[in-house]
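Chains as they are written, first to last, in our numbering: chain A, 75 to 227; chain B, -10 to 490. Heads up, the beta-carbon is just placed ideally off N, CA and C, and yes, glycines get one too. Because the structure is a prediction, the values reported are computed rather than measured. Shown next, in structure tokens, is the structure this report addresses.
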């Protein structure tokens, strides 16, 4: 069997996996009766439809010819990993170390996702954005964001 | 006349100092993100949602609305000057607008886009004011069955009229609806799919999904592409005023574009993007052999630009009157109303007339501000175009992160967003669109509630959806839409229409 459309093949798999897992999950909740639907009723219907649609997409991807095989192409690992880990680090740091340490760290890490990295520009951007976000979010919008590490306060 | 008194009330609200200020802020931000490619209104509005906690509902919604229609103005500037549509709805503007810029007529193109948009915006505002009340009346006759059918129609319409694979788009809707099932069941109080994580029992916040998929997912996708070569026409922008001949050619297109956009904006799935595509196709057909489309025809700028602005305005109608969002931006507006404790739906007009009419009037005010912002001040925006993406994406990442954290002052939301960033990039790679997912996610709880109430009322009899004439009509309309799109001749045309996307 040859995959005719790579994108659709994996989309179909994705929809099927999600559909089947939610359907299995739905069996843990009461279905209720037709006249008095329980909490598992709607999720089971939805996930079943999703799994069926996924199967149709999968079937089509194996049978219908597409131009150039509809390739997924190379994955941008560097931006993907850098950005995602920067977000996670931000989430871990902000409540503990505060805005004035977390923001510059985030900017420096995130900047590695691009093709060009120049320390000078990155540091200036980090400083400017730290002051800017403090002014906008803390002073301007008075949101409660920790500013300094918890052990200092 | 009711219309006049209502509008008077609206303008009274819109012209308070605070609301003018927020309308201006929204328009300014909208133009900014419109000009900057790689940051759309969905991500921006999602980013700003936490900050509206501290605001009243009216100024908050006025600002968010300003971002949406402001982005339509800004998007055309980028399209005309650097051939990169700042907004997806400006894709067709780039075709002829950029050619005009290359011939040294960038000023005329910008003026046609700006003035056309302003005219369309004014008409759009009046259309909303005129059509919202009767639709609201109709909506009060709706029972849960009608609401369920209406949501089916809305969701189907949203994908039928949009671009891309229909089957995958419908799957994305269902996926969105399914993800919305992660919550605590309203009726029985059962926590569903929460894996004993307390944060999940309240459900995933829609901002988390919007930001992950539309904000971060797009940043990763943008960075994965080779750096584009940009040619900016900065010096040639002079002679903003179009010539008499330009005027004569452009105004019928503006009228047609406005009419078409106003009509298409109301349809589910309509709005700015669809309107501009449809208008370009129509202008090209009407001009026939006399047209110089693709080589710098002013009609190819004036028509679509008017249409996308009219469409952006009138897409507020289903959101304001029925509480049904026709596109992703409106879905976020529905979310914003919920944050402010306003249940979206037909009762908004009677329970919050200040908000309802103030928002509508602010759109006209905002359009006026936008003409001033965009035409005389065009030089400032041109300078912005030269800001490289490597300075932009760290800032966008930062604002998204802070926005998500401040939703609940909880870093769990930040981790969830990181997960949806990966999922968003996966969607991008697999050619699955994020907008239907967001629509499904927002409508999920409402749909379930109405479905279960309908079944309860009908004692479990599913035929209740087709026995009631109004509900049956809505379902038939939804089915017809799918059938029509599946017809081979229409299918081919649909593919051609979106080929430039």
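Asked                                                                                                                                        : Found
Cβ-based neighbour list, residue 119 of chain B, same chain, cut-off 7 Å, excluding 5 preceding and 5 following                              : -8
Alpha-carbon to alpha-carbon, residue 401 of chain B and residue 185 of chain B                                                              : 14 Å
Within-8 Å CB hit, residue 16 of chain B to chain A                                                                                          : no
Helix, strand or coil at residue 434 of chain B [DSSP, three-state]                                                                          : helix
Min CB distance residue 84 of chain A to chain B below 8 Å                                                                                   : yes
The region 372 to 385 of chain B: positions lying closer than 8 Å to chain A by Cβ                                                           : 378, 379, 380, 382, 383 and 384
Cutoff 8 Å: residue 177 of chain B Cβ touching any chain A Cβ                                                                                : yes
Nearest to residue -2 of chain B (by Cα), restricted to the options B/345, B/448, B/450 and B/462                                            : B/345
For residue 447 of chain B, three-class secondary structure by DSSP                                                                          : coil
Every unbroken alpha helix (DSSP H) within the region 98 to 156 of chain A, with a cutoff of 4 residues, ordered by chain                    : 115 to 137
Proximity test, Cβ basis, 8 Å: residue 368 of chain B and chain A                                                                            : no
Distance cut-off 7 Å: residue 100 of chain A Cβ against heavy atoms of the ligand HEM                                                        : In the structure on display, the ligand HEM does not appear, and there are no ligands present to speak of.
Proximal residues of chain B, C-beta to C-beta of residue 94 of chain A below 8 Å                                                            : Correct list: empty, because the minimum Cβ distance to chain B is about 11 Å.
Whether residue 3 of chain B touches residue 354 of chain B by CB criterion (8 Å)                                                            : yes
Close Cβ partners of residue 467 of chain B (< 6 Å) along its chain, the five nearest in sequence each way excluded                          : 141, 142 and 145
Test item: CB-CB of residue 348 of chain B and residue 115 of chain B under 8 Å                                                              : no
Distance, residue 300 of chain B Cα to residue 264 of chain B Cα                                                                             : 6 Å
Cut-off 7 Å between Cβ atoms - residues of its own chain near residue 194 of chain B, not counting five sequence neighbours on either side   : 396 and 402
Beta-carbon contacts of residue 186 of chain A that lie in its chain and below 6 Å, excluding the five residues immediately before and after : 156
Assigned secondary structure, residue 224 of chain A (DSSP; H/G/I helix, E/B strand, else coil)                                              : coil
Alpha-carbon to alpha-carbon, residue 127 of chain A and residue 429 of chain B                                                              : 15 Å
Test item: CB-CB of residue 453 of chain B and residue 205 of chain B under 8 Å                                                              : no
Proximity test, Cβ basis, 8 Å: residue 194 of chain A and chain B                                                                            : no
Residue environment, residue 165 of chain B, which counts as buried when at least 16 other CB atoms sit within 10 Å                          : buried
Collapsed DSSP secondary structure at residue 488 of chain B in the structure displayed                                                      : Here residue 488 of chain B scores only 46 on pLDDT, less than 50, and its place in the model is too uncertain to base an answer on.
Start-to-end residues for the alpha helix (DSSP H) that takes in residue 48 of chain B                                                       : 46 to 71
Where residue 468 of chain B sits in the DSSP three-state scheme                                                                             : helix
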